[in-house]
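Numbering (full-length UniProt numbering), first residue to last: 1 to 200.
Virtual Cβ for every residue (Gly too), placed ideally from N, Cα, C.
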């Protein structure tokens, strides 16, 4: 086997591990990931699987990064062609609703589940989750501030309050989809978002 093929095979195996791990973690939490279970499901040895990540924590951190990549592809990257400001903000929110509605991950929003799991802890995984959430809030603030400067939102708009309310709607959407199995939840989320923006 050529060195190039070997590297490609290693990357492919790593990606396969991450995709399966993310699917499990979205439904059962990051602590639901066990090296033994993954090795059995993927037909690998425990040592071979650990060789890609070093430790269980290393695997968990890699899963957080993979979840961020999936979310980025499914939400902000889908609407990046739109101008920053209110058009992008509304489109981002619609893409976010669609992401949850389409059940891209079997357990719904990975970050909602993982944040609930780790919010009261300390450590690298908790810090990685907090960092990803902070980056997403920053992006939302950028679009809101641009909408204010463009005159599409009132000059007195409380940026942090609007971010809080948008995230609250999405948390409710994930809850009603996952726990209540409420098929009307996406419509309710869209209605709530429309009222949120039109009220300003």
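Thinking residue i and residue j are a contact (beta carbons under 8 Å), I'd like their distance in whole angstroms, please.
i, j, result
"residue 167", "residue 193", "Not quite, the Cβ-Cβ distance comes to about 12 Å (not below 8 Å), so this is no contact."
"residue 142", "residue 84", "7 Å"
"residue 64", "residue 125", "7 Å"
"residue 50", "residue 17", "At roughly 10 Å, the Cβ-Cβ gap does not stay under 8 Å, so residue 50 and residue 17 are not in contact."
I'd like to check one pair, residue j with residue i: are the Cβ atoms closer than 9 Å?
i, j, result
"residue 24", "residue 38", "yes"
"residue 71", "residue 99", "yes"
"residue 185", "residue 176", "yes"
"residue 30", "residue 77", "no"
"residue 89", "residue 147", "yes"
"residue 140", "residue 153", "no"
"residue 123", "residue 57", "yes"
"residue 67", "residue 110", "yes"
"residue 115", "residue 129", "yes"
Cutting at 7 Å between CB atoms, please list the residues of its own chain near residue i, excluding the five before and the five after it.
i, result
"residue 190", "97"
"residue 151", "none"
"residue 182", "176"
"residue 108", "26, 100, 174, 177, 178"
"residue 36", "46"
"residue 93", "166, 193"
"residue 112", "171, 174"
Does DSSP put residue i in a helix, in a strand, or in coil?
i, result
"residue 115", "helix"
"residue 126", "helix"
"residue 74", "helix"
"residue 45", "coil"
"residue 185", "helix"
"residue 87", "helix"
"residue 93", "helix"
"residue 12", "helix"
"residue 196", "helix"
"residue 66", "helix"
"residue 19", "helix"
"residue 155", "coil"
"residue 121", "coil"
"residue 81", "coil"
Considering just the uninterrupted stretch of the alpha helix (DSSP H) at residue i, what are its terminal residues?
i, result
"residue 168", "159 to 178"
Looking only at its chain, what residues have a beta carbon closer than 8 Å to the beta carbon of residue i, apart from the 5 residues adjacent to it on each side?
i, result
"residue 22", "63, 66, 67, 70, 105, 110"
Relative to the ligand NAP, is the shortest distance from any of its heavy atoms to the C-beta of residue i smaller than 8 Å?
i, result
"residue 39", "Summarising the ligand content, the structure contains no ligands, and the ligand NAP is consequently not present."
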